[in-house]
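*Asks:* Residue numbers (my numbering), protein chains in the order written: chain A, 1 to 302; chain B, 1001 to 1670; chain C, 2001 to 2191; chain D, 3001 to 3156.
1) Helix, strand or coil for residue 1653 of chain B per DSSP?
2) Please go through the stretch 1206-1271 of chain B and give each complete beta strand (DSSP E) segment of 3 or more residues, from N-terminal end onward.
3) Runs of 4 residues minimum, wholly inside the stretch 1101-1154 of chain B: which ones carry the alpha helix (DSSP H) assignment?
4) Is it the case that the stretch 213-232 of chain A contacts the stretch 193-201 of chain A, given that we only count it when at least three CB pairs across the two stretches are under 8 Å?
5) Could you tell me which whole alpha helix (DSSP H) segments of length 4 or greater appear in the stretch 11-37 of chain A?
6) Answer yes or no: does any C-beta atom of chain A fall closer than 8 Å to that of residue 2051 of chain C?
7) If you scan the stretch 1362-1396 of chain B from start to end, which runs of the beta strand (DSSP E) of 3 or more residues do you find wholly inside it?
8) Per the contact definition of three or more C-beta pairs closer than 8 Å, is the stretch 1189-1207 of chain B in contact with the stretch 1412-1428 of chain B?
9) Using the beta-carbon of each residue, which ones in chain B are nearer than 7 Å to residue 2038 of chain C?
10) In the DSSP assignment, the beta strand (DSSP E) including residue 1356 of chain B goes from what residue to what residue?
11) Could you check where the beta strand (DSSP E) with residue 2120 of chain C kicks off and where it finishes?
12) Would you mind telling me which residues of chain C sit closer than 8 Å to residue 1471 of chain B, beta carbon to beta carbon, in chain order?
13) Does the beta carbon of residue 3021 of chain D come closer than 8 Å to any beta carbon on chain B?
14) Rounded to a whole number of angstroms, what is the C-alpha to C-alpha distance between residue 1667 of chain B and residue 3035 of chain D?
15) Tell me, please, whether the stretch 85-97 of chain A touches the stretch 115-133 of chain A by the rule of three or more beta-carbon pairs shorter than 8 Å.
16) Suppose the cutoff is 8 Å on Cβ atoms and the five residues either side in sequence are ignored; what does the same chain contact list for residue 1653 of chain B look like?
17) Rounding to the nearest angstrom, what Cα-Cα distance links residue 250 of chain A and residue 242 of chain A in this structure?
18) What's the C-alpha gap between residue 1474 of chain B and residue 3017 of chain D?
19) Go through its chain and collect everything with a Cβ distance to residue 3157 of chain D's Cβ below 6 Å, but skip five positions before and after it.
20) Return the residues of the stretch 3033-3055 of chain D that lie within a Cβ-Cβ distance of less than 9 Å from chain B, sorted by chain order.
21) Using a Cβ-Cβ distance cut-off of 8 Å, determine whether residue 1728 of chain B contacts chain C.
22) Checking the sheet assignment: what are the DSSP bridge partners for residue 1020 of chain B?
23) If we ignore side chains and look at the alpha-carbon of each, how far apart do residue 1414 of chain B and residue 2046 of chain C end up?
24) By Cβ distance below 7 Å, which residues in the same chain neighbour residue 2086 of chain C in space, the five residues on each side in sequence not counted?
25) Taking the runs of the beta strand (DSSP E) that are 3 residues or longer, which of them lie wholly in the stretch 3059-3091 of chain D?
26) Look at the alpha carbon of residue 3005 of chain D and the alpha carbon of residue 3033 of chain D, and state the distance between them as a whole number of angstroms.
27) Short of 9 Å Cβ to Cβ, which residues in the stretch 10-40 of chain A face chain C?
28) Hey, does residue 1477 of chain B have any beta-carbon neighbour from chain A nearer than 8 Å?
29) Do residue 2134 of chain C and residue 40 of chain A count as a contact pair if the criterion is CB distance below 8 Å?
30) Grouping DSSP H, G and I as helix and E and B as strand, with all else coil, what is residue 1565 of chain B?
31) Is residue 1344 of chain B helix, strand or coil by DSSP?
32) In chain order, which alpha helix (DSSP H) runs of at least 4 residues are fully inside the stretch 147-194 of chain A?
33) Given that a residue counts as buried once 16 or more other Cβ atoms are within 10 Å of its Cβ, and exposed if not, what is residue 1205 of chain B?
34) Comparing alpha-carbon positions, which option in A:50, A:6, A:43 and A:14 lies nearest residue 34 of chain A?
35) Counting Cβ pairs, one atom from each stretch, are 3 or more of them under 8 Å apart for the stretch 109-119 of chain A and the stretch 51-68 of chain A?
36) If we count the other Cβ atoms within 10 Å of its Cβ and call it buried at 16 or more, is residue 236 of chain A buried or exposed?
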């Protein structure tokens, strides 16, 4: 095993294509990722609203389970692909150190159910692993069809870089842009790459929540993006699946494809589109872009 | 060896204990009468008294009187920190003809009454400390302060307005001054400004005459493009090594005709001029700005063809002709100076605005820093004083963002003190020169100076907009047609309670002041300390604001903390006066806390020789003992700690004294 | 919030809870409320502040003033999307997002949140589902929330739900972990 | 615990940084536990192991050494010398039945008032938890003659 993998609830529903494409890409790169046995929900934002301490305990159970997989090593790297899970797990770790009383209770609670906990898991985002462990060189060497001519607006969302900047610049992150460049795509320079998509507010107060997503898409489109690349199931859902509702609310049709960055990587790697969950997109990638990807591929010797 | 016999002629010592109330500062917490009673029970204490303010005249008189009346041979004052009044009471002892070093100060204010919650605890702690001192003082020796002649001359480090003013004051008083500046010209930041607040005097008009006077002054030597590389010695007797960096134009031969610049193979200036913050251009051979002092050009080897390829027609050399002022082989030159005092006036740096990407500096071309705008406004600047955007157009609207890199725990916590006022000044000048709408985005307007609030009022009348709120972001993201192709400032107008988006053509970031990037190295060089945030630390925030903990080294200007020009000049004058007070003495007294080596116990192991940081100990091959060269000893006591036989000792911190103090502080404490 | 023409706009000291600020300051996220300099950077950067009845800056001022009822009943805390932009920009490093969590908890404890407002209901539903099963299923969760707050919306969302199902992106299956009891024991032991 | 154990602590601070910090805590009116008795030396490099052992022997339950931050020593590198001595001494302390945690070396800069408070509070709490020092074999010290001299004068 190279990494543990924490799927998160979304991977069984809306975010299924993220998991599919992530696994396909890691397979293609020969990086092994094992699912954390019997993982539970990370707590997300909602749980925090009700009971912070229980939210931390909930997330910490995953951390404790992960330590079991460490095989006697000093620590273990666990990939969390969903931004909310990624933050929820890291936040639990920070809370446990920052608030000793809370830390004590959680550790004791875990031990009482037979889970020893030393706070030694490194939570990693796939972008972090791809860019810092695997590296652009190895990624570029796996590219079959350069995404030449495809203009991608990289959308990082909030919780990868905020509040904890663990692997990228907090104000203007660059990892996804560099990754996209490595697979031959052109990236759009826009100031909204970490502006909030509305999160769960798109469902609960759509008139305002959806406006945030709408603003992002509109600006990306204005700047010439062919596609928006995301790194979070909720962002992807908000930006893509709600475009119909946006048209109804704001009277403007955007029709901008929104994909996971891993799906674009998979396309560049020449992986079959079904393995990447491309068919699950509501707004399909335009045929001319896909064909250009393939054409470009013929000219590239790898 | 010490021991109380040495200074009491065989009679038992008689200690006087004097306990200060310091108004209510001590007496409000410590039960002073109880402590007095306790002191009376201590061995050898002949008298114990209390008084409201022991440092006042009546207090001092009381001590002197009691020394005589009770025949005291040891003196103990329990009051504030020895850093404040140790000297005062040593003088008292001296005047009552007790050797001043038979005195010990007990700090029951900073270390007791001010830091202890409970009155009873404070009283007990004060007692223990007095008992410790009463034991320690038994082992004090009579000492004479070390006296050294004071050398004339002062090194001033930094040629900004602080260094210039201090140098002039001292030179006028007849003192020899060496003004060391690391840039090619003196003048500092002030030389870059257009106008000064709140009077709107032209900075050049008030600064350049002073710069010229410095150059002409017979008592001032300007060492420009030079840096201090080593400082040794001590108060009154400093040795300062200065490295003169090569400017490839021989200062002594240059007449300042600038024909060499004219004759350079580059017909047009094409390299970014550092002095104009890259907004203007220069040639490889250049003067940073027309009023530079010394008015000597320099060659930048990075851009000079001769340096890069060795194949240049060398127009500069030909133009200089017989004067032969160009020297491509010039090397670093070390100048050694011996002086009595040093003034550190190294100034400040401005905050690097690119650290805050959400303000767009370095991302959007029309986001400027305040200092850059000073250059744009300056008549001798890159645009001749016309404010033009990078696309050559005049701005129609300008946003000035305050507190960039100030009052922010993510960057710098302090208020930089000058930004509000310079922002107001820039607002006024921008409106005057361009007619643009000007918006000031501020958190609080801080205008506490003579004529400052009035200037703010003037700006309000002039129709400059003031929006209270820390700007959240500057971006090129347009949401409405009038925002297209402009910079949009997003801010909560906190007085209205609403988020506003204001499109502008130009953003000015009022960057805060920071210590120089190499402040840490400078402190090591001069053996001074830094306060929080790396500003140089003054000896006392109120009573010794220009002194440092290193005697003979003084501070002037913004290197000690953010300051505007009037404050800087006032402080420079103060530092000059302090140095003059030092150098006008023929002899300086130095604390006799030096080491001494008792040859009888020295085994000649030489451990101390290697440890001494000042090479003040050498090994006498004949006697086979270590010998101290006392004038070199600065009194750290490392040798005393390391000596395995107890031969090396430190005056005022001898083994017996410290052992007695520790024991007294502990034994019998309940 | 639209003010009525003659609505009373005055606060009497007696209406305030003078201890409220201290209580919030004692909760995770509230540590630095007393450092706030009211600069408004949080509210300027917040993408949701333009929809809030009080901007985050004003909420902090209200906490410190002891305006407990107004703070807990405001929609502000429920409109926070947890994007942490405010926490990152705050010049006093106040963890404003965490502060909002603290207020949410207080509001739920005291039953002070705006009634029929869907977000607190979502939070509670989520909490109960996870407490019981250890995982959530998005489809089931959303359906339950709408049933509780606004069943009409559920009908309006039916076509989106259908599309998600058709694309294999939504499952109405109940997800759960194996060691449910272990989790419940853990959660009972903390807090 | 019916009555809390109140340890006796000695703080030996260098004149330029840590003693200045202690002064600054005072001027800032920051409160801390009253257990510590502060002794001033010019440099932490002056503090020898025997001085520390003497403090333990004289009844201290803990000894705090304060020096300048690395690189900031007023005497170039006296603080490094202190660090070396303290590191070595900590290895020897158990031989005397003294827990190494009873000796602490900290770098506290002249403007670090809050740091100073935290250090003193933390150290006091730590030694309070450790309980009183019970010396099995009091360390033999170089200046026995001094010890005798001190007691002789004091009791005279």
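Positions of the beta carbon are idealized from the N, C-alpha and C atoms, including for glycine.
*Replies:* Reading off the structure:
1) Position 653 of the second chain, counted from the start, is the residue given in the question as residue 1653 of chain B. Correct three-state label for residue 1653 of chain B: coil.
2) 1220-1223, 1226-1234 and 1237-1244
3) Complete alpha helix (DSSP H) runs here, min 4: 1119-1136.
4) With a cut-off of 8 Å, the stretch 213-232 of chain A and the stretch 193-201 of chain A count as touching, because enough Cβ pairs lie within range.
5) 16-28
6) Your numbering for residue 2051 of chain C matches position 51 in the third chain. It does; some Cβ of chain A falls within 8 Å.
7) 1367-1369
8) yes
9) For this step, residue 2038 of chain C is matched to residue 38 along the third chain. 1494, listed in chain order.
10) Position 356 of the second chain, counted from the start, is the residue given in the question as residue 1356 of chain B. No beta strand (DSSP E) contains residue 1356 of chain B, which DSSP labels as neither H nor E.
11) For the purposes of this step, residue 2120 of chain C is identified with residue 120 of the third chain, where counting begins at 1. Residue 2120 of chain C -> not in any beta strand (DSSP E); alpha helix (DSSP H) instead, spanning 2118-2133.
12) For this step, residue 1471 of chain B is matched to residue 471 along the second chain. Chain C residues near residue 1471 of chain B: 2041 and 2044.
13) Along the fourth chain, read from residue 1 onward, the residue named residue 3021 of chain D stands at position 21. Cβ-Cβ to chain B under 8 Å: no for residue 3021 of chain D.
14) Taking the first residue of the second chain as position 1, residue 1667 of chain B is located at position 667. Taking the first residue of the fourth chain as position 1, residue 3035 of chain D is located at position 35. When rounded, the distance between both Cα atoms is 14 Å.
15) yes
16) Here residue 1653 of chain B refers to the residue found at position 653 when the second chain is read from its first residue. Cβ neighbours of residue 1653 of chain B beyond the five flanking positions: 1593, 1637 and 1640.
17) Locating residue 250 of chain A in the first chain gives position 250, where the first residue counts as 1. Locating residue 242 of chain A in the first chain gives position 242, where the first residue counts as 1. One C-alpha to the other measures close to 12 Å.
18) Walking along the second chain from the start, residue 1474 of chain B turns up at place 474. Walking along the fourth chain from the start, residue 3017 of chain D turns up at place 17. C-alpha separation (whole angstroms): 43 Å.
19) Any answer about residue 3157 of chain D is impossible in this case: the structure gives chain D only from 3001 up to 3156.
20) 3033, 3034, 3035, 3036, 3037, 3038, 3039, 3040, 3041, 3042, 3043, 3045, 3046, 3047, 3048, 3049, 3050, 3051, 3054 and 3055
21) There is simply no residue 1728 of chain B to check, as chain B begins at 1001 and stops at 1670 in what is shown.
22) In the second chain, the residue the question calls residue 1020 of chain B occupies position 20. Bridge partners of residue 1020 of chain B according to DSSP: B:1051.
23) Residue mapping note: residue 1414 of chain B aligns to position 414 of the second chain, counting from 1. Residue mapping note: residue 2046 of chain C aligns to position 46 of the third chain, counting from 1. Spanning the alpha carbons of residue 1414 of chain B and residue 2046 of chain C requires a straight line of approximately 25 Å.
24) Counted from its first residue, the third chain places residue 2086 of chain C at position 86. Result list for residue 2086 of chain C: 2042, 2045, 2046, 2056, 2096 and 2097, in chain order.
25) The qualifying runs are 3062-3067.
26) Taking the fourth chain and counting its residues from 1, one reaches residue 3005 of chain D at position 5. Taking the fourth chain and counting its residues from 1, one reaches residue 3033 of chain D at position 33. In this structure, the straight-line span from the alpha carbon of residue 3005 of chain D to that of residue 3033 of chain D is close to 13 Å.
27) 10, 12, 13, 14, 15, 16, 17, 37, 38, 39 and 40
28) As a working note, residue 1477 of chain B is residue 477 in the second chain. So yes, residue 1477 of chain B belongs to the interface.
29) Translated into positions along the first chain, residue 40 of chain A becomes position 40. Translated into positions along the third chain, residue 2134 of chain C becomes position 134. Yes, these two residues count as a Cβ contact at 8 Å.
30) The sequence position of residue 1565 of chain B within the second chain is 565, counting from 1. Note: residue 1565 of chain B maps to helix in three-state DSSP.
31) Here residue 1344 of chain B refers to the residue found at position 344 of the second chain. Strand, per DSSP.
32) 175-182
33) The sequence position of residue 1205 of chain B within the second chain is 205, counting from 1. That one is exposed.
34) Locating residue 34 of chain A in the first chain gives position 34, where the first residue counts as 1. Nearest C-alpha to residue 34 of chain A: A:6.
35) yes
36) By 1-based counting over the first chain, the position of residue 236 of chain A is 236. The Cβ neighbour count for residue 236 of chain A, taken over all protein chains shown within 10 Å, is at least 16; the residue is labelled buried.
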